[in-house]
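Below: one structure, written as structure tokens.
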Amino acid sequence: MSKNNENLLNIENLSIHFFIEEGTVAAVNDLNFSLKPGETIGLVGETGAGKTTTALGIMSLIQSPPGLVVDGSIIYDGRNLLELSEAEMRAVRGSQISMIFQDPMTSLNPVFPIRDQIAEVVMLHEKVTAAQAIQRAEEMLDKVGIRKERAKDFPHQFSGGMRQRVGIAIALACNPKLLIADEPTTALDVTIQAQVLELMKGLKEENNTSMIMITHDLGIVAEICDKVAIMYAGSVVETADKKELFNNPKHPYTIGLFNSIPDIEKDEEKLKPIKGLMPDPMNLPSGCSFHPRCDHAKPECSQKVPKHTQVNDGHYVRCLLFEEGGE
Amino acid sequence: MHKYILRRLLMMIPVLIGVMFIIFVLDYIRPGCPSRVILGEAASPEAIARVREELRLDDPFLIRFGSFVGNALTLDFGRSWQTNRPVFQEIFARFPNTMQLAGMSVIFALLMGVPLGILSATKQYSIFDIIANFTGLLAAAIPNFWLGMMMVILFGVNLRIFPTSGWGTPMHWVMPVVAIGASSAAIIMRMTRSSMLECIRSDYIRTARAKGQKESVVIFKHALRNALIPVTTVAGLTFGALLGGAVLTETIFAIPGLGRFMVEAISQMDQPLVQGGVLLIAISFSLVNLLVDILYAFIDPRIRSQYR
Amino acid sequence: MENQKPKKKRSQFLEVWRRFKRNPIALVGMGIIILQILLAVFADVIAPGDGWSPGFNMQDWGNSRQFPSAENWFGTDHLGRDVFNRIVHGSRISLQVGAVVVSISMIIGVTLGAVAGFFGGVADNIIMRIIDIILAVPNILLAIAISAALGPSLVNVMIAVGVGAIPAYARQVRAQVVSLREQEFVEAARSIGASNFRLIRRHIMPNAMSPIIIEATMGFATAIAVAAALSFIGLGLEPPTPEWGAMLSDGRRYMLAGYWHMTLFPGLAIAFVIFGINMMGDGLRDALDPKLRSGGMSKGRFEKLRRAQIALTNKGADTNVKK
Chain A
65 MSKNNENLLN IENLSIHFFI EEGTVAAVND LNFSLKPGET IGLVGETGAG
115 KTTTALGIMS LIQSPPGLVV DGSIIYDGRN LLELSEAEMR AVRGSQISMI
165 FQDPMTSLNP VFPIRDQIAE VVMLHEKVTA AQAIQRAEEM LDKVGIRKER
215 AKDFPHQFSG GMRQRVGIAI ALACNPKLLI ADEPTTALDV TIQAQVLELM
265 KGLKEENNTS MIMITHDLGI VAEICDKVAI MYAGSVVETA DKKELFNNPK
315 HPYTIGLFNS IPDIEKDEEK LKPIKGLMPD PMNLPSGCSF HPRCDHAKPE
365 CSQKVPKHTQ VNDGHYVRCL LFEEGGE
Chain B
502 MHKYILRRLL MMIPVLIGVM FIIFVLDYIR PGCPSRVILG EAASPEAIAR
552 VREELRLDDP FLIRFGSFVG NALTLDFGRS WQTNRPVFQE IFARFPNTMQ
602 LAGMSVIFAL LMGVPLGILS ATKQYSIFDI IANFTGLLAA AIPNFWLGMM
652 MVILFGVNLR IFPTSGWGTP MHWVMPVVAI GASSAAIIMR MTRSSMLECI
702 RSDYIRTARA KGQKESVVIF KHALRNALIP VTTVAGLTFG ALLGGAVLTE
752 TIFAIPGLGR FMVEAISQMD QPLVQGGVLL IAISFSLVNL LVDILYAFID
802 PRIRSQYR
Chain C
3 MENQKPKKKR SQFLEVWRRF KRNPIALVGM GIIILQILLA VFADVIAPGD
53 GWSPGFNMQD WGNSRQFPSA ENWFGTDHLG RDVFNRIVHG SRISLQVGAV
103 VVSISMIIGV TLGAVAGFFG GVADNIIMRI IDIILAVPNI LLAIAISAAL
153 GPSLVNVMIA VGVGAIPAYA RQVRAQVVSL REQEFVEAAR SIGASNFRLI
203 RRHIMPNAMS PIIIEATMGF ATAIAVAAAL SFIGLGLEPP TPEWGAMLSD
253 GRRYMLAGYW HMTLFPGLAI AFVIFGINMM GDGLRDALDP KLRSGGMSKG
303 RFEKLRRAQI ALTNKGADTN VKK
């Protein structure tokens, strides 16, 4: 992949494993992707593809034991986050990189008013008085569309959509350069989903924040992302600009993903779902981990791990079908 | 909030009438005639008839129960069959000692249990955690009256550090409080630990860490406040066990409290005293549970908004 | 479906057992219980009588209040009876009390809880208010009040201890039933016309089983402790029954005179059994509800696992571990 110094984030060969009594869970395997300032990348994959683990890995929030980053580097703004001390990492979390979590119902502390939960992150990273932090918190609430009068209310007094707005306010309170959104709308109603996405998009553009949008919904990707990285069994199998990927998908898995979504314009009778199931991360197939489900699998697919191959400008695929042609 | 407290106090009334019913029925089915207890076995038939008349023992069940409840409402539990003094006076002379003992034991149990539980949870699977857990299981298994006796033998009789009986000075308090409080401390420790472990794994703790918050603040501010919610309940329930434990422990340490007094009353079949004592303990236990529920509201805003 | 059920049940049981036996503390606890049961069953072999009196009541006045020796391992009491013999025989009583109290209070409590939870309304209100009344009196005090009224006997002790044990089951089961009642599989069974009784027995109870089993284990321990406390203040069983609490009551009279063995050993016996039950109960809880245990291990165990597993995948040599 290109070594680009303009990148805000550059993840190379990242592997995160969980060592449990039953064996090793290879959640993330040799994962690569990069992100420029202001850019939004969609991290797309099925449940269990390692998306959330990747996000927590960037934040250094992998629970250890049993989890451990066993290989790779996460270069953020010129520094390898994996080499930072816990204290240095704390200064990064919440101020440089922040995260919005999947389930707004459980992600806020039930015993503190929402205002204080936003002010907390401001107090941590900026030299402000408590009163100033609270004022900032109220400004943030205003930005995400929550009335000032409700600032002292507790999380249980809000709906899921409103709570996720609070989550967004916490994440953006210190103007981070990178925002990781872990399926921020999955737990919400469809109409609320659109509102929350719109809100995130607006705030992110306002501050030129880069974003990693974790999702399994290609519709969200189409709406909000600049780039896409398709994840399968813990690694990125294909990455490209959104347009390029949507118009010209190469990897059999990506094509399968697109085929399993109904297309209203094409008059097809049946969807073509990908056969089989996501492999057990404790026992990944040899070679290309997708080969047991792949229609184009060749004998060597079970032997050789495919490398990233450039098929077009900025369009990389990890598949042996393209490896000979690309090299 | 005031409304809630009032409602809870009103809800206590049927429960307490139920308790009175139970103790009344237990007295009713008890073999033997109270007049013999009062007058002794050699009493003349006339004297017995007079006492039966006085105590209205021949009235129908419901009328007797009704007047029992009515009297109890005016804090009149009758007179002790042994001393012939009003039960109310006898009980309240001793009750403060029992409350003091139980109260100090709760504080002891909380002071031991909560910090050790937190430590154990934050160092899960460490040697400390294993030892604390094991000791907790052991302490929870030891009957409090036996622990009291063993402490008397060791620290009172052999080492002569603490007085073996009596009440009044802090030196008197140590052994009874530890004896009653030890198993509760163990229970509270284990509860704090498991509750804390659950909180540490929750999503909002991850959010707090993602803010860049220090681990110590994450534990003591974010997790502890939530973890204490179930611990409060257990502490309240433990208070009941401690009041019960006081009955035995007061006997061992010869503490002039309600518990020891009731054990004596039982062996002398002094029923009014037993009834008054059980009722008083039930009332204080109910009040403590109410207090715990109010405390709850202060810790947990979700419950606070239900109370409005 | 009918055919598959036993098989599924069996594998579920095996799964619980598999998790249970991996837990050393639980196994030690179970060992203690088995030991106690053996002592109770073979009490007459281990501590036989002499033809005149049973093994727990062989008085020897010339040999009273002896400290532990090779002859009398735990010493003798004020009547010259061997304390060890009495403790062995006492395990019969304690296990009996525990078993009967748990079974009866469990049956009553579970029935009340299931009825209250399933039918709700008036039945629920009445049952739960009765439960509230029982709970308003501290457990031990309730037992004291009941046994003071009923008089001393084994059956009365069981009743006195058992009443206080009912609420725990009733509340537990009611809570389970209320939450399960609304769940889809119960709705589904109802929609195909299953009767209420069948719904409770076949669909709700199996799901409410784990907390009941845990409650029963802990209840066994509580029953033994409360029964001992009753005997201790003279409301339990009458002499010469070798009840452990009654032995402690004897011990108390000689406690200040320095005869520590009369207090130490019976109390140890009580603590030992309860400790065993609690350890087993803990293991059972973890085995029945693996959620509570998941996701962790000691740093040392983790290192060992990591090394072993990395070595297994043959990547150990060159893997650069970063934290």
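Respectively, the protein sequence lines represent chains A, B and C. Heads up, the first sequence is in the working numbering, so the first residue is 65 and it goes up one at a time. Heads up, the second sequence is in the working numbering, so the first residue is 502 and it goes up one at a time. Heads up, the third sequence is in the working numbering, so the first residue is 3 and it goes up one at a time. Where a beta carbon is used, it is the ideal one built from N, C-alpha and C, also for glycine. Here the structure is a predicted model, which is why all the values come from computation and not from measurement.
{"Item": "Those residues which DSSP pairs with methionine 521 of chain B across a bridge", "Value": "None; methionine 521 of chain B has no bridge partner."}
{"Item": "Residues, ordered as in the chain, of the segment 726–745 of chain B that lie near chain A by beta-carbon distance below 7 angstroms", "Value": "Arg726, Asn727"}
{"Item": "Bridge partner(s) assigned by DSSP for threonine 104 of chain A", "Value": "A:Met275"}
{"Item": "Contact check, aspartate 62 of chain C vs glycine 82 of chain C, beta carbons under 8 angstroms", "Value": "yes"}
{"Item": "Beta-carbon neighbours of serine 167 of chain C, restricted to chain B and to distances below 8 angstroms", "Value": "Note that residue 167 of chain C is alanine in the sequence shown, not serine. Those do not exist, as alanine 167 of chain C stays about 14 angstroms from chain B at its closest Cβ, beyond 8 angstroms."}
{"Item": "Extent of the continuous alpha helix (DSSP H) run through glutamine 601 of chain B", "Value": "588–623"}
{"Item": "Short Cβ contact (8 angstroms threshold) for arginine 726 of chain B with valine 381 of chain A", "Value": "no"}
{"Item": "Within the segment 693–721 of chain B, ranges of the alpha helix (DSSP H) (whole runs, at least 4 residues)", "Value": "704–711"}
{"Item": "Euclidean distance between Cα positions of arginine 176 of chain C and glycine 302 of chain C", "Value": "42 angstroms"}
{"Item": "Segment contact, 8 angstroms Cβ cut-off, at least three pairs: the segment 250–260 of chain C with the segment 189–199 of chain C", "Value": "no"}
{"Item": "Per-residue DSSP class, three states only, for serine 296 of chain C", "Value": "Since pLDDT at serine 296 of chain C reaches only 45, below the 50 mark, its modelled position is unreliable, and the value read off the structure follows with that caveat. Note: serine 296 of chain C maps to coil in three-state DSSP."}
{"Item": "Which of helix, strand or coil DSSP assigns to methionine 295 of chain A", "Value": "strand"}
{"Item": "Assigned secondary structure, glycine 31 of chain C (DSSP; H/G/I helix, E/B strand, else coil)", "Value": "helix"}
{"Item": "8 angstroms contact criterion, which glycine 745 of chain B and isoleucine 142 of chain C should meet: CB distance rounded", "Value": "4 angstroms"}
{"Item": "Proximity below 8 angstroms, CB of lysine 346 of chain A to CB of threonine 88 of chain A", "Value": "The sequence given here places methionine at residue 346 of chain A; lysine does not occur at that position. Yes."}
{"Item": "3 or more residues per run - each beta strand (DSSP E) lying fully within the segment 91–170 of chain A", "Value": "104–108, 131–140, 161–164"}
{"Item": "Span of the beta strand (DSSP E), counted from its first residue to its last, around histidine 81 of chain A", "Value": "73–84"}
{"Item": "Collapsed DSSP secondary structure at histidine 372 of chain A in the structure displayed", "Value": "strand"}
{"Item": "Phenylalanine 74 of chain C, buried or exposed, once every other Cβ within 10 Å from all chains shown has been counted against 16", "Value": "Before going further, note that residue 74 of chain C is asparagine rather than phenylalanine in the sequence given. Classification of asparagine 74 of chain C: buried, given that the 10 Å Cβ count is 16 or more."}
{"Item": "Alpha helix (DSSP H) segment containing arginine 761 of chain B, residue limits", "Value": "759–768"}
{"Item": "Neighbouring residues, chain A, relative to tyrosine 505 of chain B (Cβ below 8 angstroms)", "Value": "In chain order: nothing, as chain A lies at least about 17 angstroms away."}
{"Item": "Cβ contact check for the segment 748–759 of chain B and the segment 234–241 of chain C: 3 or more pairs under 8 angstroms", "Value": "yes"}
{"Item": "Proximal chain C residues relative to aspartate 528 of chain B, where beta-carbon distance stays under 7 angstroms", "Value": "Ala151"}
{"Item": "Uninterrupted beta strand (DSSP E) stretches inside the segment 221–261 of chain A (no shorter than 3 residues)", "Value": "242–246"}
{"Item": "Cβ of asparagine 65 of chain C within 8 angstroms of any chain B Cβ", "Value": "no"}
{"Item": "The segment 150–162 of chain A touching the segment 710–723 of chain B, judged by at least three CB pairs closer than 8 angstroms", "Value": "yes"}
{"Item": "Supposed close pair methionine 169 of chain A, alanine 251 of chain A - CB separation, criterion 8 angstroms", "Value": "7 angstroms"}
{"Item": "CA-to-CA distance, valine 369 of chain A to glutamate 217 of chain C, given in whole angstroms", "Value": "53 angstroms"}
{"Item": "Closest by C-alpha distance to valine 102 of chain C, when choosing among C:His263, C:Ala223, C:Ile133, C:Ala271", "Value": "C:Ala223"}
{"Item": "Rounded Cβ spacing between isoleucine 244 of chain A and isoleucine 161 of chain A (contact assumed at less than 8 angstroms)", "Value": "7 angstroms"}
{"Item": "Beta carbon proximity, arginine 508 of chain B to chain C, threshold 8 angstroms", "Value": "no"}
{"Item": "Residues bridged to arginine 2 of chain C (per DSSP)", "Value": "Here chain C covers residues 3 to 325 and nothing more, so residue 2 of chain C does not appear."}
{"Item": "Same chain, Cβ closer than 7 angstroms to isoleucine 133 of chain C, five either side skipped, listed in chain order", "Value": "Pro169, Ala172, Arg173"}
{"Item": "Sub-8 angstroms separation of alanine 573 of chain B and leucine 780 of chain B beta-carbons", "Value": "yes"}
{"Item": "Residues that alanine 622 of chain B contacts on chain A, provided the C-beta gap is smaller than 8 angstroms", "Value": "Per Cβ cutoff of 8 angstroms: no residues; alanine 622 of chain B is ~14 angstroms from chain A at best."}
{"Item": "Contact list for the segment 749–762 of chain B against chain C, Cβ threshold 9 angstroms", "Value": "Leu749, Thr752, Ile753, Gly760"}
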